[in-house]
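What follows is a set of notes on a single structure, which appears directly below.
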Amino acid sequence: MRRSRGFSLAEVLVALAILAIVITTTIAMFAERAKRMREASETILAYQALSNEAEYWRRESFAQIDNPDNQTFKSDLDILAPLAPYTTAVKVETTRADIRNITLTIRWSRREAHLGVARADTGGSGLW
Amino acid sequence: MTRFRERGYTLMEIVVVLAIFGVFLFITVTLTNEMRRNEKKWPVNFFSHPEVGSVLARMRRDIYDSTALPDNFETYTSGPDTLIVYTINQDGTAETVVWDFTKKGEVHRRAFKATLLASEWMARGVPMFLATAQPMPSGQDAVRIRALDGSKLAIDEIIVPRPHA
């Protein structure tokens, strides 16, 4: 009596299909993980720079906020070196005569991070 | 009677096994290369390190509540590796706090009541910190805290003391 041995073509194909799915999923998972890790590193650096810049804008004299020549980043941006090339922007909106909404933006490789600072004219020393 | 018995693997079996092994090898090499590239480009995320978080949190509190940043105290002189702050505690008493970054991998916080050492706290396994004065447009003196991962800047934080009456 002849006994059949080994796997049929269908069995081998199914096994290979399962293996292909597992390998593809694993590669996709690692690629996604690497992308998210990189984005997290970028975000951490960008928000450190934005938060330092906000400290300057909190203390800028109210009169200087409206000056278009003054609407640039003032802090040291060394920490953004890994994000190069990047651009920065400062947008000042007047919602009321004594209120300014300042939006600080950093843009790099199809991503951007924003931080807003609201300033009120208290007539004081321009401390806040 | 001689019985013929099949031994070893067929060529096809070996080719399939090597192909699968090759795929895994490719994944490993790709991931290792990417990891090395990231290591070169990106600094370590120290914010996820509890010890570094503790150092920054304590330092922020000391600087926010400080009324002066003296240049000298006892044997300490203010500089990138030594930060001296005269700070107000929650109970209203004042103390001089010396942040000592001189020892590699360690940060020491020494609090003095008058000239007596009242408490000492330390953190190990932390990066090299640097503290420098940072003038602000308001005329206030802020403190810029930086930490390096090798030559890469990993932490850069400007901390401004709260205004005190």
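Going down the list, the sequences are from chains A and B. Per the numbering used here, residue 3 is the first one in the first sequence, and the count goes up by one each step. Per the numbering used here, residue 16 is the first one in the second sequence, and the count goes up by one each step. All C-beta atoms, glycine included, are put in the ideal place defined by N, C-alpha and C.
Going along the stretch 19-37 of chain A in order, which residues come within less than 8 Å of chain B, judged by CB to CB distance?
Leu21, Ile25, Thr28, Ile29, Phe32 and Ala36
Please name the residues in the stretch 158-173 of chain B whose beta-carbon is closer than 9 Å to at least one beta-carbon of chain A, in chain order.
Arg159, Arg161, Lys167, Leu168, Ala169, Ile170, Asp171, Glu172 and Ile173
Residue burial classification, Asn54/A (beta-carbon count within 10 angstroms, cutoff 16):
buried
Do Ile173/B and Ala148/B count as a contact pair if the criterion is CB distance below 8 Å?
Annotated as distal: Ala148/B and Ile173/B, with beta-carbon spacing of 8 Å or more.
Less than 8 Å between the C-beta atoms of Leu117/A and Leu85/A, yes or no?
no
Any beta carbon of chain A sitting closer than 8 Å to that of Glu49/B?
yes
Let me know if Arg98/A comes out buried or exposed under the rule of 16 or more other beta-carbons within 10 Å of its beta-carbon.
exposed
By a C-beta neighbour count over all protein chains shown, 10 Å radius and 16 as the cutoff for buried, is Glu62/A buried or exposed?
The residue is buried, with at least 16 neighbouring Cβ atoms inside 10 Å.
Measuring CA to CA, which of Leu106/A, Glu34/A, Ala83/A and Gln66/A is closest to Phe75/A?
Comparing C-alpha distances from Phe75/A to each of Leu106/A, Glu34/A, Ala83/A and Gln66/A shows the shortest one belongs to Leu106/A.
Decide yes or no for the touch test of the stretch 63-70 of chain B against the stretch 78-94 of chain B: beta carbon pairs closer than 8 Å, at least 3 of them.
no
Flag Glu62/A as yes if its beta-carbon sits less than 8 Å from any beta-carbon of chain B, otherwise no.
yes
Show which residues of chain A have a CB atom less than 7 Å away from the CB atom of Leu46/B.
Phe32
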